[in-house]
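Here the sequence shown stands for residues 688 to 1078, numbered as in our numbering.
To start, the structure under review is shown below, and the notes come after it.
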Amino acid sequence: MLRKSFLAALAATALAVGTLPAAAQETVKIGIITPLTGPFASTGKQHETAARLYMQQHGTTVAGKKIELIIRDDAGRAENTARIASELIQNDKVSFIAGFGLTPLAMATAPIATNAKVPMIVMMAGTSIITERSPYIVRTSFTLGQSAVIIADWAAKNKVKKVVTLVTDYAPGHDAEKSFVDQFKSKGGEIVESIRVPIQNPDYAPFLQRVLDAKPDALYVFVPSGQGSILMKQYVERGLDKSGIRLIGTGDITDDDILNGFGDAAIGVITAHMYSTAHPSAMNKEYVAAFKKLNPSLRPNFASVGAYDGMHLIYEALKKTNGKTDGDALIAAMKGLKWESPRGPISIDPETRDIVQTIYIRKVEKKDGELYNVEFESFPDVKDPVKAAKK
Ligand code: PHB
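In structure tokens, the structure reads:
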């Protein structure tokens, strides 16, 4: 009898204890790892503001689960990103890892997502190959090829015959160069020279002198978000703004976050990209106003929508799984999702887990004393051309 009641008491205790982890599971954690310090800190600030804005607007409960956001700074260093991802998964038990401000940071973390079967949402890094590095990766940012092909077509159609390309010497720069060069040549254009500049402490001045000497019709540029300021300063110092050589590029160069600091030399620069602060939809006007209210020192740029839409992707996937956090179920739920973003209509390609979106051609104009990328042509449903070419 005694033994029986002891066992019953034990069972009752086990039951009571058993309810504790169940209660704890009612919280779903999202870990965002992004550069909040160092040379790429603007990306982290954009990610953080956009993710917090999304939660402010859409609430902190999804499918009966409480959503908790953990934001960690990797300072833009891959060894930090991978270590923080492991800590977030093992110690904090996050159900999603997200962020990834630069390609090397995403590449270093991909095997961790695969081993843990945790969805990894790429909110910035733009090299094509990233999504192929893990079946748990879904991208809400862009690929460099998407913008590069569109601006190459524009150049070929607009009396640009000879181009010098200048890109930052790492994977997304190589994608931005190859997609542009292949497309521009296929339309009859000539590449006079292709220049690659180191990512660390870039000094563009000697390269810009070479561009002046080569006298192309246009200089095509890719530099990662945040680095455009140094290039524009040296571009003006070397007199390229008065040389008659047009400046074109992917929209990373005229990043809305820093564009206002460029001065009037930037007026007329033509780029192709997926987001502009000046995108004229009602949804974007509301987004820009709410974003500035939350962080008055920032203007939302293309990194911000990567994070805002990444949060939307996570919320919608959780709704579809009824709050279940199984990695495979979440990834299946994400495939094929479609929605309206502040940038315009977007979807997740169910085959590649990469983003499909409208790419706009834009021209820098001054309005009410501020510089904006004003969209004047749009190309809907653009897929990553690098993956399309592999098929
Ligand atoms: C990248 O490292 O993939 C990257 C970073 C910033 C950009 C574009 C691409 O603006």
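Virtual Cβ for every residue (Gly too), placed ideally from N, Cα, C.
Is residue i close to the ligand PHB? I mean its beta-carbon at under 7 Å from any heavy atom of the ligand.
i: K934; result: The residue you asked about is not Lys; residue 934 is Leu in the sequence shown. No - the ligand PHB has no heavy atom lying nearer than 7 Å to the Cβ of L934.
i: L946; result: no
i: S912; result: yes
i: P859; result: yes
i: L789; result: yes
i: D928; result: no
i: D943; result: no
i: D1071; result: no
i: D939; result: yes
Taking the straight line between their C-alpha atoms, what separation do you get for residue i and residue j?
i: S729; j: S815; result: 22 Å
i: I824; j: R1040; result: 7 Å
i: Y1059; j: S866; result: 26 Å
i: A711; j: K780; result: Low local confidence applies: a pLDDT of 48 at A711 is under 50, so the model's placement there is unreliable, and no value is given.
i: D939; j: V1051; result: 13 Å
i: P983; j: A795; result: 33 Å
i: L707; j: K753; result: Caution applies to L707, whose pLDDT of 46 falls short of 50 and renders its modelled position unreliable; the model cannot decide the point.
i: A709; j: K1011; result: Low local confidence applies: a pLDDT of 46 at A709 is under 50, so the model's placement there is unreliable, with the coordinate-based value given in what follows. Distance between the alpha carbons of A709 and K1011 is about 13 Å.
i: K732; j: L985; result: 8 Å
i: F1063; j: G997; result: 27 Å
i: H966; j: Y974; result: 10 Å
i: L895; j: R925; result: 7 Å
i: D904; j: V879; result: 10 Å
i: T736; j: L981; result: 7 Å
i: M638; j: S881; result: Residue 638 is absent from the structure shown; the chain starts at 688 and stops at 1078.
i: K872; j: K848; result: 10 Å
i: L789; j: A969; result: 30 Å
i: L946; j: I886; result: 20 Å
i: T1008; j: G1014; result: 10 Å
Kindly identify the DSSP beta-bridge partner or partners of residue i.
i: P1032; result: E1027
i: Q1044; result: I1033 and V1069
i: E880; result: V851
i: N947; result: In DSSP, N947 forms no bridge with anything.
i: V749; result: K752
i: Y1059; result: E1052
i: G718; result: I757 and I784
Let me check understanding here. Comparing Cα to Cα, which of the options lies closest to residue i?
i: D944; options: I935, T958, G915 and I957; result: G915
i: K979; options: R739, L723 and V715; result: R739
i: T1045; options: D942, M961 and G948; result: M961
i: I717; options: I1042, G731, R933 and I758; result: I758
i: A842; options: A953, A994, K1007 and R933; result: R933
i: A800; options: M811, T790 and S782; result: S782
i: T830; options: A976, G746, A858 and L1005; result: A858
i: S773; options: T748, L789, K804 and S1028; result: K804
i: K1074; options: G832, G786 and V854; result: G832
i: L918; options: I935, A953 and Y891; result: Y891
i: P822; options: E1038, D1068, I1042 and V1069; result: E1038
i: G763; options: Y741, H734, P726 and A750; result: P726
Does the Cβ of residue i lie closer than 7 Å to at least one heavy atom of the ligand NAP?
i: G813; result: As far as ligands go, the structure on display features the ligand PHB and does not contain the ligand NAP.
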